[in-house]
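Colleague: Chains as they are written, first to last, in our numbering: chain F, 10 to 124; chain Y, -15 to 99.
A single structure is presented below for examination.
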Amino acid sequence: DGGITQSPKYLFRKEGQNVTLSCEQNLNHDAMYWYRQDPGQGLRLIYYSQIVNDFQKGDIAEGYSVSREKKESFPLTVTSAQKNPTAFYLCASSIWSLEANEKLFFGSGTQLSVL
Amino acid sequence: AQTVTQSQPEMSVQEAETVTLSCTYDTSESDYYLFWYKQPPSRQMILVIRQEAYKQQNATENRFSVNFQKAAKSFSLKISDSQLGDAAMYFCASTYNTNAGKSTFGDGTTLTVKP
């Protein structure tokens, strides 16, 4: 079955540590996105990528980094510079369209907590 | 910058009844698209319904329909014959042609379905 796989489901970070969240898709989508969800709030865009080897900052990119070496993969690293990393992280993908009418397909998310 | 506002943090409905979730948005764009996503307790988001702003006809998907009032910048979701499986958090979102397909989300409405 096609879809988006995020791992791990739960992740714990120690102070000063970098952690990487995995996101893999087999939908052959060009565009991939990382969103952060805090309790009682909507999704906020961290980074997005429209093609391999290219990505753009979203609204809250500080303290995060990404790479897009393969079409299928878009890992997110939460660096020690992110002082409030506890949140639910959602990866999404979509067909890339100039009309911006394509729906997002989401992974099942990673809950990141600070020890 | 575009904004999406969901003014109802929580709603409840009796099973088999109808409920309407509100959403307003603010944009100066002429071409845009509106979405309702559902996030069940599993936390994996799925698309419920999509509306193109240039279409006057309201979108429908089985028990789900929208009331799109372009002049008022309103995009409400109506769920008919509510089922227990409809219990979830619902997010309204928008995308714009000039915004690289990035979606802006509201803060969500938690829907409870009472048996």
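From the three backbone atoms N, C-alpha and C, an ideal C-beta is built for every residue, glycine too.
(1) Once the 5 residues before and after F:W105 are set aside, which same chain residues still bring their CB inside 7 Å of it?
(2) Should F:K92 go down as buried or exposed, given a rule of 16 or more other Cβ atoms within 10 Å for buried?
(3) Run through DSSP, which three-state label would F:L113 get?
(4) What distance in whole Å lies between the Cβ atoms of F:G67 and F:L85, which are believed to be in contact at a cut-off of 8 Å?
(5) Could you tell me whether the stretch -3 to 11 of chain Y touches the stretch 69 to 80 of chain F, using the rule of 3 or more Cβ pairs below 8 Å?
(6) Just tell me which of F:K18, F:G116, F:F97, F:R45 has its CA closest to the CA of F:G11.
(7) Output yes if chain F places a C-beta closer than 8 Å to the C-beta of Y:Q28; else output no.
(8) Determine, for F:S58, whether the minimum Cβ-Cβ distance to residues of chain Y falls below 8 Å.
(9) Assign Y:D70 to one of three DSSP states: helix, strand, or coil.
(10) Buried or exposed, going by whether 16 or more other CB atoms sit within 10 Å of the CB of F:Y19?
(11) CB-CB under 7 Å to Y:G92, same chain, minus the five flanking residues each way: which ones, in chain order?
Modeller: Answer, in terms of the structure:
(1) If we look at F:W105 and ignore the five residues flanking it on each side, its Cβ neighbours are D39, A40, Q59.
(2) exposed
(3) coil
(4) In fact, because the Cβ distance is near 11 Å, the residues do not count as touching under 8 Å.
(5) No, the stretch -3 to 11 of chain Y is not in contact with the stretch 69 to 80 of chain F.
(6) F:G116
(7) yes
(8) Not an interface residue.
(9) Y:D70: helix per DSSP, three-state reduction.
(10) exposed
(11) If we look at Y:G92 and ignore the five residues flanking it on each side, its Cβ neighbours are Q(-10), M73, Y74, F75.
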